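Worksheet: one structure, shown below.
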Amino acid sequence: MATPTSESFIRSFARGLTVIEAMGRSGEAHTVSTLATATSLPRTVVRRILLTLCELGYVATDEREFRLTPKILNLGMTYLTSLPFWGHAQRALEDLCAQIQESCALTVFDGNVVTYILRIPSRKILSLRLGVGSRIPAYATSPGRIALAHLSAAALDTYLKDRQFRRYTPKTVDTAEHLLPLLAEVRQNGYAWVDGEYDESVCGLAVPIYDTQRNVVAALNVNMLSRQISRDKAVDTKLGPLLEAAHRLDGIAPAFLRPI
1221 MATPTSESFI RSFARGLTVI EAMGRSGEAH TVSTLATATS LPRTVVRRIL
1271 LTLCELGYVA TDEREFRLTP KILNLGMTYL TSLPFWGHAQ RALEDLCAQI
1321 QESCALTVFD GNVVTYILRI PSRKILSLRL GVGSRIPAYA TSPGRIALAH
1371 LSAAALDTYL KDRQFRRYTP KTVDTAEHLL PLLAEVRQNG YAWVDGEYDE
1421 SVCGLAVPIY DTQRNVVAAL NVNMLSRQIS RDKAVDTKLG PLLEAAHRLD
1471 GIAPAFLRPI
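Numbering (my numbering), first residue to last: 1221 to 1480.
Rendered as structure tokens:
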């Protein structure tokens, strides 16, 4: 938790935010004990915070484990949707979805994972259920590989150091030695392609979004059914529209989308 720097610092409020951030990092259910360990706060303090969040509707519990509810998105979305960029992004993704008939999403690299901040679903049903606020592994997804491919050498080394690669499917890349050549390919091609590594039935194509200094700040991606499309066909039919949509957002991203 942050160290107080003035008399105006409200310790209880800061502790509440610390608990929320700890819960959001994994997206899984937590016990009082696991959150106390993750936040370095006393168990009694964590429990009071969790029960308060339950009363407010931001957390749900089965008496033992606690999980964030979708209401938590309200804390950020009111601000996000007020930004002019959001209107541009919404229209760009809606136009892209209508053109290619696939689910489209805007994502950011957040710590060690990729977070969905805007998504337009298509009529096609995917087994992979993702929405605003969803957090997915960077190494096994196309927007994540966009982010990793544009990290500095030091930042990438930090990400890979002691990383435990979970095998979500038999196709999941599970070592740094296998991942690094794929990231080099992303930098060379200007796009990322991942097929069946996070969900066996889903493939993804992603491209970067830049700020005014040509730093990558986000990624735009489409998810498709693997059985319906090959990489070559996806590149031939989807990459062009995807790049056009990304170009509409280049240079206008708000300041909170920090360079990767």
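Beta carbons: idealized from backbone N, C-alpha and C, even for Gly.
Please read all numbers here as calculations on a predicted model, not as lab measurements.
8 Å contact criterion, which A1358 and F1329 should meet: CB distance rounded: Yes, they are in contact, since the Cβ atoms of A1358 and F1329 sit about 7 Å apart, within 8 Å.
Pairwise C-alpha distance: S1253 and R1268: 13 Å
Candidates P1341, L1399, T1395 and D1382, of which the one nearest L1368 by Cα: L1399
Endpoints, beta strand (DSSP E) assigned at I1337: For I1337, the enclosing beta strand (DSSP E) begins and ends at V1333 to I1340.
F1372 versus G1244: straight-line alpha-carbon distance, rounded: One point to set straight first is that residue 1372 is Ser, not Phe, in the sequence displayed. When rounded, the distance between both Cα atoms is 25 Å.
Distance, V1265 Cα to R1235 Cα: 8 Å
Collapsed DSSP secondary structure at Y1430 in the structure displayed: strand
Neighbour-count burial assignment, F1286, 16 or more Cβ in a 10 Å radius: buried
Distance CB(R1478)-CB(V1427) smaller than 8 Å: Cβ atoms of R1478 and V1427: not closer than 8 Å.
R1447 versus E1417: straight-line alpha-carbon distance, rounded: 14 Å
The stretch 1405-1423 / the stretch 1385-1397 touching (three or more Cβ pairs under 8 Å): Because the criterion of three Cβ pairs below 8 Å is met, the stretch 1405-1423 and the stretch 1385-1397 touch.
DSSP three-state assignment for G1424, whether helix, strand or coil: strand
Buried or exposed (CB count within 10 angstroms, at least 16 for buried), N1441: buried
Same chain, Cβ closer than 6 Å to D1394, five either side skipped, listed in chain order: Excluding positions up to five away in sequence, the list reads F1385 and R1387.
Outcome for S1362 when other beta-carbon atoms lying within 10 angstroms are tallied against a minimum of 16: Result: buried.
Distance, V1334 Cα to V1414 Cα: A direct Cα-to-Cα measurement between V1414 and V1334 gives close to 14 Å.
V1265 (DSSP reduced to helix, strand or coil): helix
Alpha-carbon spacing of R1343 relative to L1445, whole angstroms: Spanning the alpha carbons of R1343 and L1445 requires a straight line of approximately 12 Å.
Beta-carbon proximity list for T1281, same chain, < 6 Å, skipping 5 on both sides: C1274
As assigned by DSSP and simplified to three states, the class of R1468: Per DSSP, reduced to three states, the secondary structure at R1468 is helical.
Coil, strand or helix - I1356 by DSSP: strand
Inter-residue spacing [alpha-carbon to alpha-carbon] between H1250 and D1452: 42 Å
Residue span of the beta strand (DSSP E) that contains S1323, given as start and end: Start and end: S1323 to D1330.
Short Cβ contact (8 Å threshold) for L1350 with R1365: With respect to the 8 Å criterion, L1350 and R1365 are not classified as neighbours on the basis of their beta carbons.
Three-state class that DSSP yields for D1382 in the structure shown: coil
L1425 beta carbon less than 8 Å from that of L1380: Result no, Cβ atoms of L1380 and L1425 do not sit closer than 8 Å.
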